[in-house]
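Protein chains in written order, with full-length UniProt numbering: chain A, 1 to 214; chain B, 1 to 302; chain C, 1 to 277.
Glycine residues also receive a C-beta, built at the ideal position from the N, C-alpha and C atoms.
First comes the structure, then the notes that go with it.
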Amino acid sequence: MVIFDNLPLYFEAFLQTLSLLLLATLFALPLGVVIAAMRISPVGSLRATATVYTEILRNTPLVLVFIFCFVVLPILGVVLPFMFSAVLALTLYTAPFFAEAIRSGVNGVPVGQAEAARSVGMTFGQTVTLVVLPQAIRSVVPPLINVMIALTKNTSIAGGFFIFELFGSGRRLINANGDQVIAVLVGVAIFYLLITIPLGQLADALERRVAIKR
Amino acid sequence: MKTRKTLIGTAAFAVAVALTACGAPGSATTGGSTSTSAAGAGPYDLAVVESPTFEAGTTMAKLAEAGTITIGTKFDQPLFGLRGLDGKPVGFDAAMGSLVAAKLGIPFDRIEWTETVSANREPFLQSGQVDAVIATYTINDKRKQVVDFAGPYFVAGQSILVLDGNTEITKPEDLAGKPVCSVEGSTPAANIVEKYGAVLQPTDVYSKCLDPLKNGQVVAMTTDNVILSGFVDQNPGVFKLVGDTFTEEPYGIGLPKDDTAMRTFVNETLQAAYDDGTWARLFEQTAGTVIPVPTPPTIEQY
Amino acid sequence: MTSVLYDVPGPRARVRARITSWVTGLIVVGALAYAALTLGEKGMWDASRWMIFNDPLVWAALLRGLLVVVQSALVATVLALLLGMVFSLLRMSSHRIIRIPTTVVLEFFRGMPVLLMMLFILLAFPGISAFWAVVSALAVYNGAIIGEALRSGVVALPKGQREAGLAIGMRPLQTRLQIEFPQAFRNMLPIIVAQIVVLTKDTALGYIVGAVSLIREGELLGEFLGRQQYFFPIFLVMVAMYLALNLTISTVARQLAKRRGVKVASVVQDESLSALT
Numbered sequence: 001m002v003i004f005d006n007l008p009l010y011f012e013a014f015l016q017t018l019s020l021l022l023l024a025t026l027f028a029l030p031l032g033v034v035i036a037a038m039r040i041s042p043v044g045s046l047r048a049t050a051t052v053y054t055e056i057l058r059n060t061p062l063v064l065v066f067i068f069c070f071v072v073l074p075i076l077g078v079v080l081p082f083m084f085s086a087v088l089a090l091t092l093y094t095a096p097f098f099a100e101a102i103r104s105g106v107n108g109v110p111v112g113q114a115e116a117a118r119s120v121g122m123t124f125g126q127t128v129t130l131v132v133l134p135q136a137i138r139s140v141v142p143p144l145i146n147v148m149i150a151l152t153k154n155t156s157i158a159g160g161f162f163i164f165e166l167f168g169s170g171r172r173l174i175n176a177n178g179d180q181v182i183a184v185l186v187g188v189a190i191f192y193l194l195i196t197i198p199l200g201q202l203a204d205a206l207e208r209r210v211a212i213k214r
Numbered sequence: 001m002k003t004r005k006t007l008i009g010t011a012a013f014a015v016a017v018a019l020t021a022c023g024a025p026g027s028a029t030t031g032g033s034t035s036t037s038a039a040g041a042g043p044y045d046l047a048v049v050e051s052p053t054f055e056a057g058t059t060m061a062k063l064a065e066a067g068t069i070t071i072g073t074k075f076d077q078p079l080f081g082l083r084g085l086d087g088k089p090v091g092f093d094a095a096m097g098s099l100v101a102a103k104l105g106i107p108f109d110r111i112e113w114t115e116t117v118s119a120n121r122e123p124f125l126q127s128g129q130v131d132a133v134i135a136t137y138t139i140n141d142k143r144k145q146v147v148d149f150a151g152p153y154f155v156a157g158q159s160i161l162v163l164d165g166n167t168e169i170t171k172p173e174d175l176a177g178k179p180v181c182s183v184e185g186s187t188p189a190a191n192i193v194e195k196y197g198a199v200l201q202p203t204d205v206y207s208k209c210l211d212p213l214k215n216g217q218v219v220a221m222t223t224d225n226v227i228l229s230g231f232v233d234q235n236p237g238v239f240k241l242v243g244d245t246f247t248e249e250p251y252g253i254g255l256p257k258d259d260t261a262m263r264t265f266v267n268e269t270l271q272a273a274y275d276d277g278t279w280a281r282l283f284e285q286t287a288g289t290v291i292p293v294p295t296p297p298t299i300e301q302y
Numbered sequence: 001m002t003s004v005l006y007d008v009p010g011p012r013a014r015v016r017a018r019i020t021s022w023v024t025g026l027i028v029v030g031a032l033a034y035a036a037l038t039l040g041e042k043g044m045w046d047a048s049r050w051m052i053f054n055d056p057l058v059w060a061a062l063l064r065g066l067l068v069v070v071q072s073a074l075v076a077t078v079l080a081l082l083l084g085m086v087f088s089l090l091r092m093s094s095h096r097i098i099r100i101p102t103t104v105v106l107e108f109f110r111g112m113p114v115l116l117m118m119l120f121i122l123l124a125f126p127g128i129s130a131f132w133a134v135v136s137a138l139a140v141y142n143g144a145i146i147g148e149a150l151r152s153g154v155v156a157l158p159k160g161q162r163e164a165g166l167a168i169g170m171r172p173l174q175t176r177l178q179i180e181f182p183q184a185f186r187n188m189l190p191i192i193v194a195q196i197v198v199l200t201k202d203t204a205l206g207y208i209v210g211a212v213s214l215i216r217e218g219e220l221l222g223e224f225l226g227r228q229q230y231f232f233p234i235f236l237v238m239v240a241m242y243l244a245l246n247l248t249i250s251t252v253a254r255q256l257a258k259r260r261g262v263k264v265a266s267v268v269q270d271e272s273l274s275a276l277t
């Protein structure tokens, strides 16, 4: 059985996919928070910058973002290790999606909460950090996890850009086992599902808990 | 530079033709070969057999009857199959396709070209979406279990491309533990990892390897010598090939399995082209701009 | 823009905000200008690189790719919306025998990269063309996601909606289709439109099965003309084309929503903050 014969290869690729996911989340989440904050801030140019950035990144295919990081940046004199560039591309692309998830969570907090905080004299910073965000986090986590699920799948694009990850392992094994293509791909799918299904379950469970609390 | 100049020249010429005469696309791909006046002779100046006869019920008879053939080829391999601006591929694979088509009475502009990538070659042959695959397609035993091969029509070999000034790497053994770029899921990539212990930096298009090689992020790229030669030629003074080829990659024409009549027909067509010099002429006209014309390989009978 | 989060700024705060605004604005513009200048130094704006766009055949190739994007996105969107409704109906079925297998299958569809699904479909259904392999993979994958969105839209509706429907004698399915779905669809419109934009972008992945859409066309142009020399201008034009296409989709969707008098309610309260913007 081709899957068991090649478990070490699958595993190596799986680890690479996992580290792409974790590193990109690590950087994209704070960036997403910053973008979300910029988009609700009172400073015009911050709002505009964040909006334009979001619009461009969300409407451009990820492949083109990868091309930007791997082809255009070196032209600008920025030559980074492959893994860096791949994480950078995934981070740039994913951050606006995180920001959207956060923003919709913030919007889910009843307006009265913010009004109450403001009326007792809290500043913008206090209102956001002490009142709105703690409540928003509960409803924000499920959509954030959904973005992570999408990110997991998006890491497959890195296979075309010098990183050996799960989808690449599939391609490598297909070439060596042309007679068992379906089995090879089922193996790849199982490893993706090892990440995405637990994440999905987690999101569902949290969603249910939030729903009950409301 | 030669190749790119001729290609751009060709493109410019194609535009000129298209603008002035609405000429048949592809007719300009040989640049100056204005002698091909006969309708359908195409860019490779091949005599199209007029209403050929085949035994009823064979694939050849069906194709000749339909007057068209669908050929899967690579769109991104310099010298062998590179898609031109008009949508028709240019190169030695395309020439081989035209050769077979001409024998079936099908002119160049009636050939349907489909891009075949590594994922769809076998499925497309098995399901009959393409009649043949001519795509720097190495004959090997695993593939023979699902498809048939005519040919080989050319024997390439794996080689290594490095920066011009590099003196450290002279043979594949020197790549052990070093970052090397190649296309994931290709045989040369598997080779360099499994036999020589290189660290593969995988990509999906060979030309994507060139920037990291220039930037020093990989020390070499590897694939078949003919493809690498194209890159040396496109970037004069930047890259060089090192050492001899260290594998044999016989390129065959992929055909649906168990169509012996069709395989015999294609083999005979190739043999005839070997014998009368057409094969050498086609090679000279395409890949021969960079690589010396070899002697034709021996057709594999099985 | 007024917000409950901060006071209507007074004169001092306005000045401060304006200064911050100008400073950050200048930094952003400066960074962009620096990038543009560096690119210029490397000769990226040289006319010789851009002259390829004088060639109608180059535009023909790019537009051919764009057409493939539009065609496959259009067909896949229609199928994905239909599948999404079916999926969510099955997922909310009152019979366990239907609900549980559907949930498992949907998890499977949602958890796989669409790239992998394209390959799967191509290999598992012999005879399927590259175009249909791409379209059906996109339809199934996005159908699963739209289905989930619709379901959570229905779940978020007040119970009374369904009860009222049943109380006036509508059958359960009728209630779903005529009362709950229209509202869920409206509430989830931002998510659904965002998903359609994702779908449109994902058509680029068809290269894996040999479907030549815009990005593949651009790459092939680069291969033919000389990647080193011409890929940068082609890249920029492709980005512009995708932006134009996807922003059009978002705008049209917003316009449609507005004309129908749709109020984006409850889930995303502030329309200007929804995923549509």
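Contact set between residue i and chain A, taken where Cβ atoms lie within less than 7 angstroms
| i | result |
| --- | --- |
| C:V124 | Note that residue 124 of chain C is Ala in the sequence shown, not Val. Chain A residues near C:A124: I182. |
| C:G25 | S45 |
| C:A204 | P61 and V63 |
Selected residue, minimal CA-CA separation from residue i, among the options
| i | options | result |
| --- | --- | --- |
| B:Y274 | B:F92, B:G230, B:Y153 and B:T187 | B:Y153 |
| C:G206 | B:A95, B:A102 and B:A119 | B:A119 |
| C:R110 | A:T25, A:L202 and A:L193 | A:L193 |
| A:T129 | A:F11, A:A37 and A:A28 | A:A37 |
| B:A156 | B:Q301, B:I291, B:T203 and B:E300 | B:I291 |
| A:R103 | A:D179, A:M83 and A:S139 | A:S139 |
| A:A114 | C:A167, C:A257, C:Y6 and C:D55 | C:Y6 |
| C:L57 | B:L85, B:T73 and B:K257 | B:L85 |
| A:C69 | A:Q201, A:V52, A:F161 and A:L15 | A:F161 |
| C:A47 | C:F232, C:K258, C:T248 and C:F131 | C:F232 |
| C:A130 | B:T167, B:T138 and B:R121 | B:R121 |
| B:F239 | B:L228, B:K208 and B:T245 | B:L228 |
| B:C181 | B:T53, B:P172 and B:T203 | B:T203 |
Listed by chain order, chain B residues near residue i by CB distance under 7 angstroms
| i | result |
| --- | --- |
| C:F224 | L7, L82, R83, G84 and L85 |
| A:P74 | D211 and N215 |
| A:R172 | E184, G185 and A190 |
| A:V71 | D211 |
| A:G160 | T203 and D204 |
Contact check, residue i vs residue j, beta carbons under 9 angstroms
| i | j | result |
| --- | --- | --- |
| B:G42 | B:A132 | no |
| B:L163 | B:L213 | yes |
| A:V43 | C:A31 | no |
| A:L88 | A:L76 | no |
Burial state of residue i (16 or more Cβ within 10 Å)
| i | result |
| --- | --- |
| B:G26 | With a pLDDT of 36 at B:G26, under the threshold of 50, the modelled position of this residue cannot be trusted; read the value that follows with caution. Burial call: buried. |
| C:A244 | exposed |
| B:L210 | buried |
| B:L104 | buried |
| A:E100 | buried |
| B:T34 | Residue confidence is low: B:T34 scores 35 on pLDDT, short of 50, so the model does not pin down where it sits. No coordinate-derived value is stated. |
| B:W113 | buried |
| C:V140 | buried |
| A:N154 | buried |
| B:N191 | buried |
Listed by chain order, chain C residues near residue i by CB distance under 7 angstroms
| i | result |
| --- | --- |
| B:P123 | L122, L123 and P126 |
| B:F75 | L220 |
| A:I197 | E107 and G111 |
Interface partners of residue i on chain B, CB under 8 angstroms
| i | result |
| --- | --- |
| residue 283 of chain C | Nothing about residue 283 of chain C can be read from this structure; chain C reaches only from 1 to 277. |
| C:I208 | V117 and A119 |
Cross-chain neighbours of residue i in chain C, by beta carbon under 8 angstroms
| i | result |
| --- | --- |
| B:Q129 | G127 and S129 |
Proximal chain A residues relative to residue i, where beta-carbon distance stays under 9 angstroms
| i | result |
| --- | --- |
| C:I215 | P61, V63, L64 and I67 |
Partners in chain A for residue i, counting only beta-carbon separations shorter than 8 angstroms
| i | result |
| --- | --- |
| residue 327 of chain B | An answer regarding residue 327 of chain B cannot be provided, because it is not within the stretch 1 to 302 covered by chain B. |
Proximal chain C residues relative to residue i, where beta-carbon distance stays under 9 angstroms
| i | result |
| --- | --- |
| A:G187 | Per Cβ cutoff of 9 angstroms: no residues; A:G187 is ~11 angstroms from chain C at best. |
| B:T136 | Within 9 angstroms Cβ-Cβ: nothing; B:T136 doesn't reach chain C, min ~14 angstroms. |
How about the segment 71-80 of chain C and the segment 215-230 of chain C: do they share at least three Cβ pairs that are nearer than 8 angstroms? no
Can you find at least 3 beta carbon pairs, one from the segment 142-150 of chain B and one from the segment 178-188 of chain A, that sit closer than 8 angstroms? yes
Does the segment 140-156 of chain C come into contact with the segment 79-96 of chain C, if we say contact requires no fewer than three beta-carbon pairs (one atom in each stretch) closer than 8 angstroms? yes
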